[in-house]
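Taken in order, the sequence shown gives residues 18 to 679; the numbers are from my numbering. Cβ coordinates follow ideal geometry from the N, Cα and C atoms, glycine included. Just so we're clear, the structure is a prediction, and the values are computed from it rather than from any experiment. Down below is the structure, laid out as structure tokens.
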Amino acid sequence: MRLFSNAVVRTFAPSSSGSDAATLAAATDTVPDSVTAPDSILVNGETIVAVGTRAELLDIAASESSTTAALASAGGIGATTVIPGLEIEEIDCGGQVLLPGLVDAHMHSVHYADSLTDLDLSNVRSLAEAVEAIRERASRTPFGQWVVGSGWDLNKWDDPRYPDRDLLDQVVPDHPVAMWSVDLHTLWTNAHGLEIAGIDDLTADPFGGEFVRDDEGELTGLVREDATDLVARFIPEPTREEQVERLDRTQKLFLSQGLTGIHDFDSIASTLGWYDLREADRQHIRVTKYLRGPEVPWAIETGWHTGDGDGWLRRGGLKLFSDGALGSHTCHMSSPFPEPSAHGDDVSDYEAVSDESTDSGEQDSRNLSAQESYTYPGTVPEDVLSSEPADANYGIAQMSEDDLFENARLATEAGISVAIHAIGDQANHHVLNVFERLRKTTKEAEEHFERPLRHRVEHAQFIQPADVARFAELDVIASMQPRHCISDLHLLHLIDESAQLAAYAWPDLLAAGAHVAFGSDGPVEPANPFAAIYAAMTRANISGEASTSFQPWRRLSAVEAFRQHTVGPAYAAGLEDRRGYLAPGMDADFIVVDTDPCVAEGLGGSGGASGSAAGAQGTSTDLDHDGLLGYESEEALFAHAEAIRDTTVALTVVGGQVKYRA
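Listed below in structure tokens is the structure:
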């Protein structure tokens with residue numbers, strides 16, 4: 018047995034999870050005067066035996082031990098020292114905060130692993146800087162080999178214009194180049210790369226993708242959505258052994274950030290990589306593995322069913338794509354993007370909405386109520402809203418609604434749940450229609466395979482108001498990424514505010530009774546879950562500028578955001594009876610950190626731990642508030658949020674074993 022003691026234990030458990038006073042007190046993270054706060058967790062193997070005080074847990078350990086040694090304290094209650102002969106390892110948590118392990122509900126592990134090795138363009142601030150970084154990497158790459166990288170975002174460049182192949186051809190003529198955009202939905206390549214892929218000016222666009230061309234019909238080197246597969250398949254992949262080493266390095270990073278599990282949405286390479294780590298007894302983080310479209314025939318033939326596997330490597334569902342991404346202007350919207358076309362010219366300039374302080378008699382835009390209008394950052398050119406040119410860009414529908422349904426039906430009938438990528442409001446509308454049509458098939462499959470098949474929408478960034486309640490009505494999980502909200506602040510001028518869409522609407526969905534699961538979409542966003550909790554709390558840029566807060570009435574408390582990183586992913590994986598909170602019989606997955614998400618200076622009872630227990634069930638989220646979440650001021654809220662953002666992890670325990678120690 019292991020005893021983790023000398024901690025402030027926050028179980029995040031529902032009140033029905035236990036009957037003893039200590040567990041009930043810990044369940045709501047409040048402690049009546051008559052109850053001693055839990056400070057320890059007792060673990061046997063991979064399972065939690067009990068949560069309580071150190072003295073109580075030593076007694077429990079003694080009663081369950083094979084030793085017959087007498088208890089050290091009178092009457093056998095309240096032992097204060099380790100009992101002679103009792104086989105127990107005690108780990109002192111140093112008075113820090115012990116929390117359930119966090120799970121990333123949407124991760125691309127192979128892409129993340131590759132991003133730690135390939136060229137990183139996320140910090141370049143201009144097209145010229147990007148080209149120079151590519152040239153420098155090519156100079157250190159053997160002649161003729163691919164130069165691969167990711168992370169470029171033209172929307173953040175000082176000269177926000179689309180890159181093209183001519184620039185690459187001038188400085189890197191002897192290497193094929195493949196540079197992924199930050200959202201992984203656009204690929205920037207050169208003439209050499211296009212030539213290797215057999216793509217020329219006469220190559221037709223595949224359905225759901227585009228080879229971007231200039232006004233003369235010549236390829237620009239930008240490749241979007243499904244068309245990227247026709248280039249990417251020619252990029253050499255690491256060997257299986259190299260991929261395993263990359264995944265091992267990546268899981269160690271995740272553990273250091275407090276992640277005890279991930280839902281992995283990468284391709285067969287990660288499937289094989291995780292299998293290899295599992296077989297070699299080197300897997301230290303729990304993985305729920307999702308399929309990609311091309312893997313479905315293999316999965317059906319080999320009998321892949323959602324929910325199969327073991328406690329470390331579990332089989333998830335099938336990922337399908339409905340649309341693209343906001344940054345690439347390819348998410349499927351009901352209103353057009355404010356640009357004449359999806360290629361060719363500079364990105365439309367826009368004026369940022371003023372964030373200057375207002376007089377006391379004026380309304381501060383950060384404190385607007387949910388019922389008042391809100392202007393997205395930036396302005397949409399009036400001529401775009403008043404007219405629609407023939408080539409108006411509504412984004413890309415990667416699959417029709419009927420095709421989505423047929424693919425989803427095939428998977429569901431085979432016992433495989435479905436997760437569909439949808440960012441734009443029109444894409445989300447179509448996907449909800451698909452799941453509504455799939456209800457009978459899902460019910461029959463659940464009865465046949467005797468397990469839940471929980472369908473998901475990945476991202477769900479923009480939702481038509483009438484569709485919010487449909488998530489709950491159809492029991493569809495909204496798998497969302499809080500960092501997307503604050504990373505997209507500079508892009509929100511692209512969204513037609515007159516549509517009054519529910520944007521990054523986590524509390525709206527929770528209030529409607531829907532299930533929400535948080536993740537990062539790494540490497541699109543960094544994997545650190547504490548930064549994601551900060552994003553959900555503030556809806557402001559990562560540096561902590563309160564004036565950048567987007568629709569503050571849609572903020573989530575720290576406790577609510579934390580639960581979407583614990584209970585949410587557990588429910589999505591069908592593991593709510595094993596993970597998501599700390600209680601006897603649950604998996605021993607937890608972390609020890611230096612920041613308490615439940616307690617902060619200037620946080621009143623209505624927004625703290627005591628006021629958040631009901632919100633744990635996703636039923637008490639209130640949109641009609643001033644955005645302060647129970648803090649006495651905006652400064653107090655941001656102080657707590659920034660402390661959480663900067664959390665240091667001291668220990669990460671998975672399956673009762675210390676997998677990371679600072």
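Proximal residues to residue i (C-beta, below 6 Å), its chain only, five neighbours per side dropped
i: Met18; result: Asn61, Ala78, Ile105
i: Asp363; result: At Asp363, the pLDDT of 38 sits below 50, so the modelled position is not reliable and the matter cannot be decided from this model.
i: Ala667; result: Gln113, Val609, Ala679
i: Ala67; result: Leu59, Leu74, Ile77, Pro601
i: Asp372; result: Low confidence applies to Asp372: its pLDDT is 32, below 50, so where it sits in the model is not reliable enough to give any reading.
i: Thr305; result: His280, Arg331, Gly333, Ala590
CA-to-CA distance, residue j to residue i, given in whole angstroms
i: Phe491; j: Ala428; result: Note on identity: in this sequence residue 491 is Leu, with Phe being the wrong assignment. Rounded to the nearest angstrom, the two C-alpha atoms are 18 Å apart.
i: Val584; j: Val120; result: 9 Å
i: Ser156; j: Pro499; result: 38 Å
i: Phe282; j: Leu264; result: 14 Å
i: Thr458; j: Lys676; result: 41 Å
i: Gly341; j: Gly441; result: 8 Å
i: Leu294; j: Glu63; result: 19 Å
i: Trp197; j: Leu620; result: 42 Å
i: Leu88; j: Ala72; result: Note that Leu88 scores 43 on pLDDT, short of 50, meaning its location in the model is unreliable and no value can be drawn from it.
i: Thr277; j: Gly328; result: 12 Å
i: Glu464; j: Ser564; result: 51 Å
i: Leu573; j: Gly168; result: 28 Å
i: Glu318; j: Phe466; result: 16 Å
i: Gln719; j: Gln568; result: The structure shown does not extend to residue 719, since the chain is modelled only from 18 through 679, so no value can be given for it.
i: Gly344; j: Arg487; result: 26 Å
i: Leu236; j: Asp217; result: 7 Å
i: Ala30; j: Leu599; result: 6 Å
i: Thr70; j: Ile550; result: 29 Å
i: Glu453; j: Pro586; result: 22 Å
i: Ser132; j: Glu149; result: 19 Å
Residue i - partner residues in DSSP beta bridges
i: Asn61; result: Thr64
i: Trp570; result: Looking at the DSSP assignment, Trp570 forms no beta bridge with any residue, so it has no partner.
i: Lys306; result: Asp281, Arg332
i: His476; result: Ala439
i: Asp232; result: For Asp232, which the question treats as bridged, DSSP gives no partner whatsoever.
i: Ser496; result: Glu475, Ala534
i: Gln674; result: Val671
i: Asp137; result: Ser167
i: Thr203; result: Arg241
Rounded distance between the beta-carbons of residue j and residue i, thought under 8 Å
i: His322; j: Gly432; result: 4 Å
i: Ala414; j: His476; result: No, Ala414 and His476 are not in contact; Cβ-Cβ is about 15 Å, not under 8 Å.
i: Ser537; j: Thr555; result: With a Cβ gap of about 17 Å, Ser537 and Thr555 do not count as contacting.
i: His346; j: Asn445; result: That pair is no contact at about 17 Å.
i: Gln274; j: Pro546; result: 7 Å
i: Ala195; j: Ala249; result: 7 Å
Selection from the options that minimises the alpha carbon distance to residue i
i: Asp416; options: Leu511, Asp408, Val451; result: What sits at residue 416 in the sequence shown is Met, not Asp. Nearest C-alpha to Met416: Val451.
i: Gly111; options: Asp613, Val609, Ala531; result: Val609
i: Ile503; options: Ser496, Asp186, Asn558; result: Asn558
i: Gly682; options: Ile302, Leu330, Ser339; result: Residue 682 falls outside the range modelled here, since the chain spans only 18 to 679, and no answer is possible.
i: Ile285; options: Tyr307, Thr347, Ala147; result: Tyr307
i: Ala658; options: Gly672, Val199, Thr612; result: Thr612
i: Ser576; options: Pro614, Asp594, Pro601, Pro569; result: Note that residue 576 is Val in the sequence shown here, rather than Ser. Of Pro614, Asp594, Pro601, Pro569, the residue nearest in Cα terms is Pro614.
i: Ile512; options: Ser351, His447, His446; result: Ser351
i: Gln481; options: Leu506, Leu74, Phe488, Ala519; result: Ala519
i: Thr245; options: Glu254, Val670, Ala214, Leu133; result: Ala214
i: Ala54; options: Ile65, Ser80, Glu81, Asn23; result: Asn23
i: His123; options: Glu542, Ala462, Gly344, Val25; result: Glu542
i: Gly561; options: Ile661, Leu171, Glu242; result: Ile661
i: Asp419; options: Gln443, Asn410, Glu430, His447; result: His447
i: Asp505; options: Ala656, Val493, Glu146, Gln478; result: Gln478
i: His532; options: Gly539, Ala489, His510; result: Ala489
i: Ala590; options: Ser650, His507, His501, Ser496; result: Ser496
i: Asp191; options: Val474, Glu258, Ile151, Leu272; result: Ile151
i: Asp298; options: Thr305, Leu330, Glu430; result: Leu330
i: Glu146; options: Asp186, Thr158, Leu171, Phe271; result: Leu171
i: Gly225; options: Pro159, Pro180, Leu509, Leu247; result: Leu247
i: Leu272; options: Glu242, Ala544, Glu652, Ala653; result: Ala544
Residues near residue i by beta carbon distance below 8 Å, same chain, minus five either side
i: Arg142; result: Lys173, Trp174, Asp175
i: Leu337; result: Gly310, Met416, Leu421, Asn424, Ala425, Val435, Ala436, Ile437, His438
i: Val127; result: Gln260, Arg263, Leu264, Asp283, Ser284, Ala286, Ser287, Gly290
i: Asp606; result: Pro117, Gly118, Thr277, Gly278, Arg303, Arg596, Val670, Val671, Gly672
i: Asp663; result: Phe547, Thr612
Residues near residue i in its chain [Cβ-Cβ closer than 7 Å; skip 5 each side]
i: Gly326; result: Arg332
i: Val485; result: Ala519, Ala522, Asp525, Leu526, Ala529
i: Thr220; result: Phe228
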